[in-house]
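Residue numbers (full-length UniProt numbering): 1 to 155.
Reading through the structure tokens given below for one structure.
See below:
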């Protein structure tokens, strides 16, 4: 998400989308930290959580520019993370761990998926002539919602 924030904020000058991606990155980082704390406190086995190949973000996906491509890339990342969490949820035999995964990770990634899908639909539904205006208006809405998070990075 941070790479997307950098691309969309610097190359396309959309501070609202950059703030959205920065917030998503911060949220995922803090949720990951909380998950590690939960695992450590409960002394759970993490073999099902760790895969040799991990979850990879493909840098070649960033060669194409445009907010729609960046949103689609973020949506794909979110789907991969959601699939990994669902697999862990299904593999866990501990009801408490399943509840934690549902309430802290599954719900969050489902909401992120809905948000990204909504933004994509709003931008794609307009004609080609209207897409630039729609993108600008959505960016302004995101800027009002999340603030200019670029200040946090460069402060």
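We treat Cβ as the ideally placed atom computed from N, Cα and C, and that holds for glycine.
If the five residues before and after residue 72 are omitted, its C-beta is found closer than 8 Å to the C-beta atoms of 120, all from its own chain and listed in chain order. The Cβ-Cβ distance between residue 82 and residue 109 falls below 9 Å.
Contact between residue 70 and residue 4 is confirmed by a C-beta separation of about 5 Å, below the 8 Å threshold. Closest by C-alpha distance to residue 41, out of 13, 100, 8 and 9, is 100.
Put simply, of 10, 77, 37 and 13 the residue whose alpha carbon is nearest the alpha carbon of residue 24 is 77. Residue 1 is positioned such that its CB atom lies no closer than 9 Å to that of residue 139.
Counting along the chain, residue 95 sits inside the alpha helix (DSSP H) bounded by residues 95 to 101. Residue burial is scored here from C-beta neighbours: residue 133 has fewer than 16 other C-beta atoms within 10 angstroms and is therefore classed as exposed.
Our two residues, residue 68 and residue 137, have alpha carbons roughly 14 Å apart in a direct line.
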